[in-house]
Amino acid sequence: MYNKSLQKTLFDLSKEFLQKDMSNNEYQDLVNVLNFHEWKYYVDNDPLISDKEYDTLYEKLVALENQNEVAVLPNSPSQRVSSDLSSQFETVTHWNPMLSLANSYNLEDLGEFDKQIRKLTNLEDKKIAYFVEPKLDGGSVSLVYENDILVRSATRGNGNEGENITANAKAISSVPLSAKFSDHGIFRAELRGEAVIEKSFFTRKNKEREKEGLVVFANPRNAATGGLRMKNPNDTKERGLDLFVFQLAYAVDKNGEDVLSSLESHSNAMIILESLGFKIPKKENQLTDTIEAAFELCKDWEINRENYNYEIDGAVVKVNDFDLQKKCGSTQHHPRWAIAFKFKAKQATTTLSDIEYQVGKTGAITPVAKVDPVHLAGVTVSSISLHNEEFIMQKDLRLGDKVLIERAGDVIPYIVKSFPELRDGSQKKIDFPKHCPSCNTTLEKSDDQAAWRCQNLQCDAQNLQRIIYHVSKEAMNIDGFGKSYVEKFFDLGWIKDISDVYNLDYEKIGELEGFGQKSVDNLKSAIEKAKGNPLNKLLNSLSIHHLGKKASKLIAQQINSVFDLVEWTEENFTEIKDIGPVVAENVMWYFNQESNIDMLNRLNEYGVNVLQLEADKPKVVKEGAVLSGKTILFTGTLQKMGRKEAQSLAEENGARNISAVSSKLNILVVGEKAGSKLKKAQALGTVDILTEDEFITLIS
Ligand code: IVH
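The working numbering applies: residue 147 is where the sequence shown begins, and numbers increase by one.
Structure representation (structure tokens):
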């Protein structure tokens, strides 16, 4: 779904967005970035950014959406309540919504939380009792008991409705099938808890699975949430799930009267639940009466995290008193009386066993460390990029070294340091290769660059990477032409360079195992479609060092055919604003290689567009344009032309299109059903407001 380079682009964008104030025209990108991180977290199980960073980005999104200047996209993460609902289980409605928790990361955040509680409860300078628990990293479960019998269990689902997993919950040994709630005057109770798997059990289980050739679980959390949703309860049993209860959410007597308040506090409720046979996350001294002390308890959990036999990703601080909890209430998202304290990224030590040298699409050699697999903040890490030779020298790495690796929330795992003091003499110095591991060409490195490069354009490894990039979403966007297809066709010798993509023998592909007629047809039509891509896409897809999407666009606008570049001199390039000598040098080098020109000729021959299309040509601003120097914005539905056409006309007449109403806006053109933008512009009083007809008159 997200190829490597797209992932990188989105990751880079995230970093950029984290650093700055967002503008409305970045809204769509922000939606894409957040959806990507959700996918990394929930589907790919390999988050690239910390929860905190995700939260920050999410807040930026909500801020943009609340300004009412952007049309909220239907795929915005704000439009979704995260859900694990499927059609496999019957859906049930929770009696009380199963909420999430707000996050905190330091004492300051907790201080704010404490302040807020005092405000909500009018307890300015009185003591407030806080209860601290581990935040277990598994799957949320609700349990309903009626008449002392477990009658229903459900997953969190979307918070309001969950999946009925009663049969599976009964297969979890730590879930009492009956409990004497009646001893406490309770007729019906709803409990909340977390299904988890012991770390040691998980490791053992994974080893067994590996031996049997089964797919191993990514992490204990996945194994647990998957275990809750097995079709056959026997399979749930097999997973060895445990269920910890962390909340008595609801309790009434035979008449439906609330019993919860009479239990007074969360700590009391937990004592009762424990006495009724439930497993609860316990430790001495969980109750404190200052937020500082609660913070210390959180830190304590963090320090001892590794000694605990279940995965925990934080601690939870709860207002203990039920009356106070009630006073605090909840938002749609989380209770105001509880907060999660999230732990820092994890570090681990492992052994650097080998180094693999990967050849990139522009010939750069990247050393990748192979380490003994370790479990780190939710994923198993076995290879880590070492970037370049200098990194290896700076960190003084040797083969066989014990190394400290970290998976800080914000980046992919990296090596923090080696431990020279732990060397026993068997460690070996790392000799960076002098020759390309694929084609054996002598590697080169210029002084201003960190990477060693293979400059052989015929290098197999490079060609393969270039083709993978060429067909990817980022480049020519050939739908369905994934990396595995490229590798397969490359191995078979069917594609040796980019041009071969357009000269495939579809009959032969159809004979391959796993290729039906339908997939061949789809591939063919996706390739045919890509042939018509605009010139800037083609330029970008060639993997010319330093030539990115933006520069490709700028250059493409200045030429009629890709072959024009054969004649281009440095000045031609550097005359273009934003194109510097480095891009110039690299593009010139590329177009100086005969093999590249041959390849481009073949592309042309196979029908790939190498020309500048009319629609992509830069707009020529008319002499003495009426809108010159003005900013303009179109809102509402235009009747006589499309939005794009209108913007294009405005540009031709010297205006600059912007996307938000602010003091910077000069002209607002309003179509039908104009909404908040019109109101805002009217309120500003500085914006010229035109109808569509007035706009047309103005420019003609
Ligand atoms: S209290 C009304 N306590 O964390 C909110 N939640 O991020 C009740 N979790 O959905 C949550 N350990 O599945 C609470 N000791 C604990 C927890 C805990 C894990 C999970 C829970 C919740 C999620 C929120």
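Where a beta carbon is used, it is the ideal one built from N, C-alpha and C, also for glycine.
Under three-state DSSP, which class holds residue i?
i, result
"residue 794", "helix"
"residue 511", "strand"
"residue 227", "Any reading at residue 227 needs caution, since the residue's pLDDT is 40, under 50, leaving its predicted position unreliable; the model's value is listed next. If DSSP states are grouped into helix, strand and coil, residue 227 belongs with coil."
"residue 451", "helix"
"residue 835", "strand"
"residue 366", "helix"
"residue 862", "With the chain running from 147 to 846 in the structure shown, residue 862 is simply not present."
"residue 613", "helix"
"residue 704", "coil"
"residue 488", "strand"
"residue 822", "helix"
"residue 556", "Here residue 556 scores only 38 on pLDDT, less than 50, and its place in the model should not be relied on; the value that follows carries that caveat. DSSP places residue 556 in coil when its eight states are reduced to three."
"residue 249", "strand"
"residue 625", "coil"
"residue 721", "coil"
"residue 239", "strand"
"residue 177", "helix"
"residue 854", "The question about residue 854 has no answer here: the residues shown for the chain are numbered 147 through 846."
"residue 281", "strand"
"residue 607", "helix"
"residue 425", "strand"
"residue 433", "strand"
"residue 581", "strand"
"residue 266", "helix"
"residue 752", "coil"
"residue 505", "strand"
"residue 531", "strand"
"residue 404", "strand"
"residue 324", "strand"
"residue 678", "coil"
"residue 736", "helix"
"residue 232", "Confidence is the limiting factor: at residue 232 the pLDDT is only 47, short of 50, which leaves the residue's position unreliable, though a coordinate-based value still follows. In the structure shown, residue 232 sits in coil (DSSP, three-state: anything other than H, G, I, E or B)."
"residue 148", "coil"
Name the DSSP bridge partner or partners of residue i?
i, result
"residue 336", "290, 396"
"residue 550", "495, 563"
"residue 500", "516"
"residue 467", "411"
"residue 545", "574"
"residue 481", "476"
"residue 521", "526"
"residue 388", "342"
"residue 590", "599"
"residue 802", "777"
"residue 458", "282"
"residue 757", "707"
"residue 300", "288, 310"
"residue 814", "779, 835"
"residue 295", "292, 324"
"residue 276", "434, 465"
Given 8 Å, three or more beta-carbon pairs between the segment 455 to 465 and the segment 506 to 513: no
Check your reading: residues with Cβ closer than 5 Å to ligand 1 heavy atoms: 245, 246, 247, 279, 281, 282, 286, 340, 392, 462, 481
Contact the segment 774 to 790 vs the segment 812 to 826: 3+ CB pairs below 8 Å: yes
Cβ pair count under 8 Å reaching 3, the segment 275 to 292 against the segment 382 to 399: yes
Any 3 or more C-beta pairs closer than 8 Å across the segment 607 to 625 and the segment 673 to 690: yes
Validate contact between the segment 253 to 271 and the segment 311 to 329 using beta carbons, cut 8 Å, 3 pairs: no
Three-pair Cβ contact test at 8 Å for the segment 414 to 421 versus the segment 368 to 381: no
Any 3 or more C-beta pairs closer than 8 Å across the segment 638 to 658 and the segment 704 to 721: no
Contact the segment 282 to 301 vs the segment 482 to 493: 3+ CB pairs below 8 Å: no
Segment contact, 8 Å Cβ cut-off, at least three pairs: the segment 491 to 501 with the segment 587 to 606: no
At least 3 beta-carbon pairs within less than 8 Å: the segment 245 to 254 vs the segment 397 to 408: no
Three-pair Cβ contact test at 8 Å for the segment 606 to 621 versus the segment 682 to 702: yes
Cβ contact (3+ pairs, closer than 8 Å) linking the segment 153 to 172 and the segment 180 to 199: yes
Cβ pair count under 8 Å reaching 3, the segment 205 to 222 against the segment 173 to 180: yes
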